[in-house]
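Beneath this line is the structure, given in structure tokens, with notes to follow.
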Amino acid sequence: METGKIISFIREVFNEPEGFIPLHAPFFGGNEKKYVLDTIESTYVSSVGAYVNKFEEEICAITGAKFAIATVNGTTALHLALKAVGVSYGEEVITQPLTFVATANAIVHAGAIPVFVDVDIDTLGLSPDALQAFLQKNATLNADGVCINKSTGRRISACLPMHTFGFPVRIAEIAAICKEYHIPLVEDAAESLGSYYHGKHTGMYGDIAAISFNGNKTVTSGGGGVVITNDEKLGKWAKHISTTAKIPHQWEFMHDEVGYNYRMPNLNAALAVAQLEQLPYILENKRQLADLYSDFFENSNIRFVQKREDTIPNFWLNTIIFEDKQQQQQFLEMSNQNKVMTRPIWTLMNRLPMYKDCQRDELRNAVWLEERVVNIPSSVRVG
Ligand SMILES: *Cc1c(COP(=O)(O)O)cnc(C)c1O
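Note that the numbering used here numbers the sequence shown so that position 68 is 84, with each residue one more than the last.
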């Protein structure tokens with residue numbers, strides 16, 4: 017398919033004949049200004065306030081989680097989630113190489129070392145088959161039932177799959193494998209608010225999960241994140257450690273471990289609450305756009321990434337797959353030159369200087385996707 021034809025189609029669906037079309041712009045169509053102003057007028061702009069509580073309640077209602085802990089961003093939410101399941105210094109966390117760098121960074125922030133296992137072509141996320149094969153080859157349970165990587169001697173203390181662009185990974189299969197090997201499961205659901213796998217919200221298959229509310233995500237709090245879990249012990253610990261591990265008291269400053277200042281300010285939570293009110297509309301709008309793209313690319317040489325059976329993706333970023341790297345590069349060049357913002361999928365984590373020596377499998381699918389995948393404009397369409 018000719019690049020010019022694709023660019024014309026994108027301009028047509030966004031009703032933007034000439035100007036710049038971003039990849040994903042935030043959409044503020046409701047009570048955003050009202051709620052943010054409200055925090056200023058009340059003086060409660062910082063880390064305690066009614067909007068923070070409201071935000072956490074809403075997240076529980078949307079995801080079905082029993083506990084939600086609002087944080088300053090998605091990376092800190094991931095950091096807390098990993099620490100909550102016990103990830104510690106010198107241990108290993110299995111993740112996918114095809115992800116945003118924050119996934120791997122959070123592992124290192126927790127003191128651990130990432131291990132990269134391949135993805136599936138159709139989900140763009142961690143492959144249960146590759147995970148099983150990696151563990152069969154490399155893992156063993158020691159006398160205490162702890163999973164050890166035979167080739168390094170280190171404990172494998174978590175598995176961290178990511179739901180790429182809001183497309184759910186085969187999370188039930190991954191959860192079963194983790195259970196067999198006694199590996200805690202943490203979901204990086206940063207991109208997948210509003211995505212469901214077998215009727216359950218993403219993030220609800222693991223022991224604990226993190227969602228991001230950064231400005232480029234489906235809905236935003238400016239900067240923000242949330243930890244979700246059904247486990248009371250993990251949920252309470254995450255909240256405690258995110259608020260400097262302070263023992264509640266009317267005036268005394270007593271802290272019982274090294275905590276973090278990771279709580280989401282009320283100012284940001286106000287924006288988030290207004291955004292969540294519109295989540296059903298935003299998701300519906302984005303799914304309609306995905307349908308238009310899907311029809312357009314049908315029967316062409318470009319593959320539009322579809323929803324798989326028994327999943328409901330949020331279609332955060334619409335995704336196309338070219339036949340080869342040359343076509344991918346040509347399209348990126350021409351679309352961006354023509355002010356239609358498009359982006360390749362991330363450089364694989366194992367190619368970044370700080371992660372180049374991490375253990376990995378052959379990563380065949382990840383390399384294949386890296387050379388072909390492009391995200392196309394996916395904002396909410398207005399008017
Ligand atoms: C956005 C994102 C994060 C981090 O979220 P921030 O809010 O930007 O810190 C983590 N993982 C993935 C996969 C993301 O896309």
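Built from N, CA and C at the ideal position, the CB exists for glycine as well.
Is ALA285 close to ligand 1? I mean its beta-carbon at under 7 Å from any heavy atom of the ligand.
Result no, Cβ not under 7 Å from ligand 1.
What residues are listed by DSSP as bridge partners for GLU108?
Partner(s): ILE129 and ILE172.
Closest by CA to GLY399, which one among THR19, GLU18, GLY20 and GLU28?
Ranking THR19, GLU18, GLY20 and GLU28 by Cα distance to GLY399 puts GLU28 first.
Quick check on the burial criterion: 16 or more other C-beta atoms within 10 angstroms. Buried or exposed for VAL274?
By the neighbour-count rule (16 or more Cβ atoms within 10 Å), VAL274 is not buried but exposed.
Exposed or buried, ARG236, counting other C-beta atoms within 10 Å across all chains shown (16 or more means buried)?
Position check: residue 236 holds Thr in this sequence, whereas Arg was assumed. Buried, by the Cβ-count rule.
Can a CB atom of chain D be found closer than 8 Å to the CB of GLY102?
No chain D appears in the structure shown, which is made up of a single protein chain.
Is the distance from the Cβ of LEU98 to the Cβ of ALA205 below 8 Å?
Cβ atoms of LEU98 and ALA205: not closer than 8 Å.
Just verifying my parser: in three-state terms, what is the DSSP assignment at HIS256?
It is helical.
Identify every run of the alpha helix (DSSP H) within the region 275-321, keeping only runs that are complete inside it and at least 4 residues long; order them along the chain.
Counting whole runs of 4 or more residues, the region 275-321 contains the alpha helix (DSSP H) stretches 282-293 and 295-313.
Indicate the three-state DSSP secondary structure (helix, strand or coil) for ASN374 in the structure shown.
Per the sequence shown, residue 374 should be read as Cys rather than Asn. Looking at CYS374 - three-state DSSP - the assignment turns out to be coil, as it is neither helix nor strand.
In the DSSP assignment, what are the bridge partners of PRO184?
DSSP output for PRO184 lists no bridge partner at all.
Which residues does DSSP list as the beta-bridge partners of SER228?
Per DSSP, GLY241.
Cutoff 8 Å; reference THR363; Cβ partners in own chain excluding five residues on either side:
So the list reads GLU386, once near-sequence residues are dropped.
Compute the minimum distance between the beta carbon of GLU207 and the heavy atoms of ligand 1, and state whether it is under 7 Å.
Look at GLU207: its beta carbon is less than 7 Å from one of the heavy atoms in ligand 1.
Which whole-angstrom value describes the C-beta separation of VAL389 and LEU250, a residue pair presumed to lie in contact below a C-beta threshold of 8 Å?
Contact flag wrong, Cβ pair sits at about 34 Å.
For the alpha helix (DSSP H) that ASP54 lies in, which residues bound it at each end?
Where ASP54 is concerned, the enclosing alpha helix (DSSP H) starts and stops at 48-58.
Got a sec, what are the start and stop residues for the beta strand (DSSP E) GLU28 sits in?
Going by DSSP, GLU28 is part of no beta strand (DSSP E) but of the alpha helix (DSSP H) stretching over 19-29.
One or two residues paired with THR156 in a DSSP bridge
Assignment of beta-bridge partners to THR156 by DSSP yields ILE164.
Count the other CB atoms within 10 Å of the CB of PHE181; is the residue buried (16 or more) or exposed (fewer)?
The residue is buried, with at least 16 neighbouring Cβ atoms inside 10 Å.
Please return the same chain residues whose Cβ sits closer than 8 Å to the Cβ of ASN352, not counting the five positions on each side in sequence.
Within its own chain, the residues whose Cβ lies closer than 8 Å to the Cβ of ASN352, once the five positions on either side in sequence are excluded, are THR358, listed in chain order.
Along the beta strand (DSSP E) that carries VAL202, what are the first and last residues, could you check?
Secondary structure note for VAL202: its beta strand (DSSP E) is the uninterrupted segment 202-204.
Between which two residues does the beta strand (DSSP E) holding ALA16 run?
Because the chain spans 17 through 399 in this model, residue 16 falls outside it and cannot be assessed.
According to DSSP, is MET350 part of a helix, a strand, or is it coil?
In this structure, MET350 counts as helix in the three-state DSSP scheme.
Mind checking which residues open and close the alpha helix (DSSP H) that includes THR91?
90-100 is the span of the alpha helix (DSSP H), which, as asked, contains THR91.
Does ligand 1 have even one heavy atom less than 7 Å from the beta-carbon of ALA118?
Yes, the beta carbon of ALA118 sits closer than 7 Å to at least one heavy atom of ligand 1.
Could you tell me the boundaries of the alpha helix (DSSP H) in which ASN391 lies?
The continuous stretches of alpha helix (DSSP H) do not include ASN391, which lies in the beta strand (DSSP E) extending over residues 389-392.
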